[in-house]
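Beneath this line is the structure, given in structure tokens, with notes to follow.
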Amino acid sequence: MLTAARTEPFDDLDRLSPASLDQWWVRKLKRVAELGFDELAFYRKRFAAAGFHPTQFRTLDDLRAIPISKKEDLLAVMQNSRSKFLGVKSYTAGFDVRMTVSLSSGTSGTTYVVHTRRWRKLQGYSSSRAHWWAGLRPGTPLIMSAPAWHAYASIQPSIAMHFKNPCVVVSGTFLPRFADRIVDAILAFRPRFITMFLPMVFSILAAARRDGTSGEQLFAGVETLVVTGAPITPGMRSHLQDVTRVKRVAEIAGSSENLLAVDCIHAQGLHVVPDTCYAEVLDRKSGRPVPDGQRGSVVHSSVIPAGSLYLRYDGGDAGVIDRSPCPCGLPSPRIKLLGRWEDCFSVGDNTLLPYDVQFALETEVPELRGTALVITREGLANGMLRLLLAEPEGSAASLLDKAKAKLSRRFEVPVEISAVRDLPLRFKGVPPILSEQEAASAA
Amino acid sequence: MLRSRNLAECRFYRERMGADARPMPWGLAELEAFAATDSSDPFAGRVHDGVTPKVSLQLEATTDPSIWIALDPPELDRWAGVIERMWKRWGTAPGEAVAFFDYGCSPLVLLASSGYVGYLRRGAAERLGLTAVCNDGVAAMAGRMVGIVEALEPSMLIVRRDLAVPFCLALESAGTNLADRIRWLAIAEVEGCANRREADQLSARLGVKVWRILRSDAAFLIAGECAGCRAFHLDGEYFAEALASGHVAITTRFAQLCPAVRFDIGLARLINGGCPLEPRAQRVEC
Numbered sequence: 013m014l015t016a017a018r019t020e021p022f023d024d025l026d027r028l029s030p031a032s033l034d035q036w037w038v039r040k041l042k043r044v045a046e047l048g049f050d051e052l053a054f055y056r057k058r059f060a061a062a063g064f065h066p067t068q069f070r071t072l073d074d075l076r077a078i079p080i081s082k083k084e085d086l087l088a089v090m091q092n093s094r095s096k097f098l099g100v101k102s103y104t105a106g107f108d109v110r111m112t113v114s115l116s117s118g119t120s121g122t123t124y125v126v127h128t129r130r131w132r133k134l135q136g137y138s139s140s141r142a143h144w145w146a147g148l149r150p151g152t153p154l155i156m157s158a159p160a161w162h163a164y165a166s167i168q169p170s171i172a173m174h175f176k177n178p179c180v181v182v183s184g185t186f187l188p189r190f191a192d193r194i195v196d197a198i199l200a201f202r203p204r205f206i207t208m209f210l211p212m213v214f215s216i217l218a219a220a221r222r223d224g225t226s227g228e229q230l231f232a233g234v235e236t237l238v239v240t241g242a243p244i245t246p247g248m249r250s251h252l253q254d255v256t257r258v259k260r261v262a263e264i265a266g267s268s269e270n271l272l273a274v275d276c277i278h279a280q281g282l283h284v285v286p287d288t289c290y291a292e293v294l295d296r297k298s299g300r301p302v303p304d305g306q307r308g309s310v311v312h313s314s315v316i317p318a319g320s321l322y323l324r325y326d327g328g329d330a331g332v333i334d335r336s337p338c339p340c341g342l343p344s345p346r347i348k349l350l351g352r353w354e355d356c357f358s359v360g361d362n363t364l365l366p367y368d369v370q371f372a373l374e375t376e377v378p379e380l381r382g383t384a385l386v387i388t389r390e391g392l393a394n395g396m397l398r399l400l401l402a403e404p405e406g407s408a409a410s411l412l413d414k415a416k417a418k419l420s421r422r423f424e425v426p427v428e429i430s431a432v433r434d435l436p437l438r439f440k441g442v443p444p445i446l447s448e449q450e451a452a453s454a455a
Numbered sequence: 003m004l005r006s007r008n009l010a011e012c013r014f015y016r017e018r019m020g021a022d023a024r025p026m027p028w029g030l031a032e033l034e035a036f037a038a039t040d041s042s043d044p045f046a047g048r049v050h051d052g053v054t055p056k057v058s059l060q061l062e063a064t065t066d067p068s069i070w071i072a073l074d075p076p077e078l079d080r081w082a083g084v085i086e087r088m089w090k091r092w093g094t095a096p097g098e099a100v101a102f103f104d105y106g107c108s109p110l111v112l113l114a115s116s117g118y119v120g121y122l123r124r125g126a127a128e129r130l131g132l133t134a135v136c137n138d139g140v141a142a143m144a145g146r147m148v149g150i151v152e153a154l155e156p157s158m159l160i161v162r163r164d165l166a167v168p169f170c171l172a173l174e175s176a177g178t179n180l181a182d183r184i185r186w187l188a189i190a191e192v193e194g195c196a197n198r199r200e201a202d203q204l205s206a207r208l209g210v211k212v213w214r215i216l217r218s219d220a221a222f223l224i225a226g227e228c229a230g231c232r233a234f235h236l237d238g239e240y241f242a243e244a245l246a247s248g249h250v251a252i253t254t255r256f257a258q259l260c261p262a263v264r265f266d267i268g269l270a271r272l273i274n275g276g277c278p279l280e281p282r283a284q285r286v287e288c
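Protein sequences, first through last, are from chains A and B.
In case it helps, my numbering puts the first sequence at residues 13 to 455.
In case it helps, my numbering puts the second sequence at residues 3 to 288.
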């Protein structure tokens, strides 16, 4: 009899039932809420305004009484206070000057995330769990894939030490022009597990190709390729498997503000990493939880009682949640981040994310999966979907005609597709919305 | 210090052993030439065959072939100690922050905190009670560096030399004056050091003390300019010798796994002791 593959538990937390995990989360979240109330004026004021007190916290439903915070709220605190840091960091273990601070940048501004030693210890353990789920095992060299300014840099050392993995530090920074250095690192140390920002994967494949090394040769011996930094569609996952010949391509979704989720072997959504955060997906208007599979705002609460505390933080991501039992046996619900609300656009009667366009394209015309594309502003302004598509190798014009017809039928809007000679590799995986001039100058 | 017998177990040194049982001085060119003969060895013959180092760092100063250096955890800690003492000489106080505008992979950054590299027990910032913050070391992030200066109020800045001008322009554009905020700023080249005139010009432009760092990752060399004599003071972890060619060679005492013996830093003047601020320190002028 066939049985579904199960995830090997990292520790007893992975063996809890979903109901027991909920109870565990209640205890952890209550502790963080108490800490926020006791130590941080930011949360004390917000709790008071909402009529909430941590003693009222008894079930996960009680979490909804805590007001949602957004980046704008944190930026306002920074603006208005004379404090060096945001008002959301805790010194539970005593004032620890030996902190590192990482940056959370975006279109709206930069905020600062505090990492104390205690935070690094707890987050490091939790992130080791996440990487275990993704397939990391002791022994393999670990290529450091995040520069020191990023929050991931603060946990990679802990992960390496947890699994006793040798650390391989690549020179340069993680921009495409340094891709050849990552290629050198992979070829020299032959890791079995690689974590990489999605756009960098294509840059390193291109850099290897320039040296006459195929994707298969580059990734020989790699058992798991974990991509992060962008949501991948099923077609993108299989495209990556095709070009690298890596058996398992996994996705990690994370943020500097302690959101962390990883997909299991079934790759049907990303399991929330329970000792990092608790996640909700809420209706954008009502703020109420959406049914499973329905799109909403991803709001998370950190369960780590140290460093910067994020309680019901809306990082601006759109996503879905699935609370049904996963055949892998892990008890935490699965989420899937689909993109940023700020990238959301309307065309015809559709409200779409770039992810939707890519998903539709690969679903309707599987031959085009993994193709870089741009959604043009001019098209949207004219009520149509106009795409610039990097000319797929050896493709016929009929393929683009087919895509045009199928997308037009699917979205019920006029669709135009132009093949362009080249698009930057950074556009692969996450189609940007650009003017034609921006797209031309980027190419 | 490594014995010559142990040193000869490393292929790179075995071929360089002189009649006096010491390796001939070498520089990056010799290392690259050796690496080109065996592309399968990332360490260019400087690490014993079969050893798996806990930490390997890719040299930024060499590209083709790619060359790596390696350390074990205690060596990593001793290297961080070099940075700790360099900063201490320039002046720091517990509770202050040090900010970096450099690549995260630079040893100047990595060795600051155990949060930046695995197996480092205590980074330089942790030893001195400092908070560390790193901005990505590309010119496009100069504006964000100004934001860090304004929001986090670091007292010390470490800036990659090629980012000094973009940083100045961003400061001027934002109207941010460093003079009242910063204790010191240090500039570092990937290999070697910035010239003194450039540092002085930067100091005049920003209104803060600017110190130079002498760096050569192949030899694990990091040395800071002295506030008194303006020469580079060598930490006790290094031993320098003057060569007949007028060059100076450096041997790094803590480097056992990937030895750095008689690394030629080029034309320089070696001064043994004599600076009132650190009377016994070996000093290098270059």
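Using N, Cα and C, we set each Cβ at its ideal position, and we do this for glycine too.
What you are looking at is a predicted structure, and each value in this text was computed from that prediction instead of being measured.
Within chain A, partners of Pro55 (chain B) - CB distance below 7 Å: One-based indexing of the second sequence puts residue 55 (chain B) at position 53. In chain order: Pro178.
Assign Glu263 (chain A) to one of two classes, buried (16 or more other C-beta atoms within 10 Å of its C-beta) or exposed (fewer than that). Residue 263 (chain A) sits at position 251 when you count from the first residue of the first sequence. Buried, by the Cβ-count rule.
Per the DSSP calculation, Ile429 (chain A) is bridged to which residue(s)? Against the first sequence, residue 429 (chain A) aligns to sequence position 417. A:Leu399.
Counting only beta-carbon atoms, is Trp186 (chain B) nearer than 8 Å to chain A? Along the second sequence, one-based indexing puts residue 186 (chain B) at 184. It does not; no Cβ of chain A falls within 8 Å.
Thinking just about the alpha-carbon of each residue, which of A:Tyr124, A:Leu52 and A:Arg422 is nearest to the one in Thr375 (chain A)? As a position in the first sequence, residue 375 (chain A) is number 363, starting the count at 1. Cα-wise, what sits closest to Thr375 (chain A) is A:Arg422.
What does Ala178 (chain B) touch in chain A if you count any residue whose Cβ is under 9 Å from its own? Residue mapping note: residue 178 (chain B) aligns to position 176 of the second sequence, counting from 1. Going by the sequence as given, residue 178 (chain B) is Thr instead of Ala. Ordered by position in chain A, no residue passes the 9 Å Cβ test against Thr178 (chain B), which lies about 15 Å from the chain.
Pull out every residue of the segment 376-393 of chain A whose Cβ sits closer than 8 Å to any Cβ of chain B, in chain order. none
Does the beta carbon of Asp138 (chain B) sit closer than 8 Å to a beta carbon anywhere in chain A? Position 136 of the second sequence holds residue 138 (chain B). Yes, Asp138 (chain B) counts as interfacial toward chain A.
Taking a cut of 7 Å between CB atoms, which residues from the segment 123-143 of chain A lie near chain B? Tyr124, His127 and Arg132
Just to confirm the assignment, what range does the alpha helix (DSSP H) spanning Thr456 (chain A) have? What the structure shows of chain A is the stretch from 13 to 455, and residue 456 (chain A) is not part of that stretch, so it cannot be assessed.
Is the beta carbon of Leu122 (chain B) sitting closer than 8 Å to the one on Leu78 (chain B)? On the second sequence, position 120 is the one that residue 122 (chain B) refers to. On the second sequence, position 76 is the one that residue 78 (chain B) refers to. In contact: Leu122 (chain B) and Leu78 (chain B) (Cβ atoms closer than 8 Å).
The segment 184-198 of chain A touching the segment 235-242 of chain A, judged by at least three CB pairs closer than 8 Å: no
Can you check whether the C-beta of Arg193 (chain A) is within less than 8 Å of a C-beta belonging to chain B? The residue you call residue 193 (chain A) lines up with position 181 of the first sequence. Answer yes: the Cβ-Cβ gap between Arg193 (chain A) and chain B drops below 8 Å somewhere.
Could you say which of A:Leu148, A:Gly151, A:Met156 and A:Tyr164 lies nearest to Val126 (chain A) if we only look at CA atoms? The residue labelled residue 126 (chain A) in the question sits at position 114 within the first sequence. Here the closest residue by C-alpha is A:Tyr164.
Can you determine whether any heavy atom of the ligand SAM sits closer than 7 Å to the C-beta of Phe214 (chain A), and answer yes or no? No copy of the ligand SAM occurs in the structure displayed, which carries no ligand at all.
Which residue's Cα is closest to the Cα of Ala454 (chain A): A:Leu397, A:Leu385 and A:Leu41? Along the first sequence, one-based indexing puts residue 454 (chain A) at 442. Comparing Cα-Cα distances from Ala454 (chain A) to each of A:Leu397, A:Leu385 and A:Leu41, the minimum goes to A:Leu385.
Which chain A residues are close to Val119 (chain B), counting only those with a beta carbon under 8 Å from its beta carbon? Within the second sequence, the letter at position 117 stands for residue 119 (chain B). Simply Met156, Pro169, Cys179 and Val181.
Cβ closer than 7 Å: which chain A residues qualify as neighbours of Leu61 (chain B)? By one-based count along the second sequence, residue 61 (chain B) stands at place 59. Under the 7 Å cutoff, chain A gives Ser183.
By the three-class DSSP mapping on this structure, what secondary structure does Met173 (chain A) have? Walking along the first sequence from the start, residue 173 (chain A) turns up at place 161. In the structure shown, Met173 (chain A) sits in a helix (DSSP, three-state: H, G or I).
Same chain, Cβ closer than 8 Å to Ala61 (chain A), five either side skipped, listed in chain order: Along the first sequence, read from residue 1 onward, the residue named residue 61 (chain A) stands at position 49. Here the set comprises Pro79.
Measure from the C-beta of Leu115 (chain A) to each C-beta in chain B and report whether the shortest distance is under 8 Å. Looking up residue 115 (chain A) in the first sequence gives position 103. It does; some Cβ of chain B falls within 8 Å.
For Gly209 (chain B), the nearest candidate out of B:Val192, B:Leu180 and B:Pro109 (CA to CA): Taking the second sequence and counting its residues from 1, one reaches residue 209 (chain B) at position 207. Checking every option, the nearest Cα to that of Gly209 (chain B) belongs to B:Leu180.
Taking the straight line between their C-alpha atoms, what separation do you get for Leu86 (chain A) and Thr123 (chain A)? Along the first sequence, read from residue 1 onward, the residue named residue 86 (chain A) stands at position 74. Along the first sequence, read from residue 1 onward, the residue named residue 123 (chain A) stands at position 111. In a straight line, the C-alpha of Leu86 (chain A) is about 7 Å away from that of Thr123 (chain A).
Strictly below 8 Å CB to CB, what residues from chain A border Arg146 (chain B)? Start at 1 with the first residue of the second sequence, and residue 146 (chain B) comes out as number 144. Those are Leu115, Ser117 and Thr122, listed as they occur along chain A.
For the segment 27-57 of chain B, list every residue whose C-beta sits within 8 Å of some C-beta in chain A, in sequence order. Pro44, Thr54, Pro55, Lys56 and Val57
Could you tell me the alpha carbon to alpha carbon distance between Phe22 (chain A) and Arg260 (chain A), rounded to whole angstroms? Within the first sequence, numbered from 1, the residue matching residue 22 (chain A) stands at position 10. Within the first sequence, numbered from 1, the residue matching residue 260 (chain A) stands at position 248. In a straight line, the C-alpha of Phe22 (chain A) is about 19 Å away from that of Arg260 (chain A).
Contact with chain A by Thr291 (chain B), beta-carbon distance below 8 Å: With chain B running from 3 to 288 in the structure shown, residue 291 (chain B) is simply not present.
Residues from the segment 233-264 of chain B in contact with chain A, defined by Cβ distance under 8 Å: none
Rounded to whole angstroms, what's the CA-CA distance from Val89 (chain A) to Gly319 (chain A)? Just pull it up for me. Here the question's residue 89 (chain A) lines up with position 77 in the first sequence. Here the question's residue 319 (chain A) lines up with position 307 in the first sequence. Whole-angstrom Cα-Cα distance: 17 Å.
Take every Cβ of the segment 435-449 of chain A, pair it with every Cβ of the segment 378-397 of chain A, and state whether three or more of those distances are shorter than 8 Å. yes
Short of 6 Å in beta carbon distance, which residues of its chain neighbour Ala242 (chain A), apart from the five on each side in sequence? Order them along the chain. Counted from its first residue, the first sequence places residue 242 (chain A) at position 230. Only Leu210, Gly441 and Val442 meet the Cβ criterion.
For the segment 152-238 of chain B, which segments carrying the alpha helix (DSSP H) assignment without a break, of at least 4 residues, lie completely within its bounds, in sequence order? 166-176 and 198-208
contact_flag[the segment 167-181 of chain B, the segment 47-59 of chain B] where n(CB pairs < 8 Å) is 3 or more: no
8 Å is my cut-off, CB to CB: does Ser166 (chain A) come that close to chain B? By one-based count along the first sequence, residue 166 (chain A) stands at place 154. Answer yes: the Cβ-Cβ gap between Ser166 (chain A) and chain B drops below 8 Å somewhere.
Enumerate, from N- to C-terminal direction, the unbroken alpha helix (DSSP H) stretches of 4 or more residues contained entirely within the segment 44-109 of chain B. 75-92
Where does Gly305 (chain A) land, buried or exposed, given buried means 16+ other C-beta within 10 angstroms? What you label residue 305 (chain A) is simply residue 293 of the first sequence in a count that begins at 1. Exposed is the call here.
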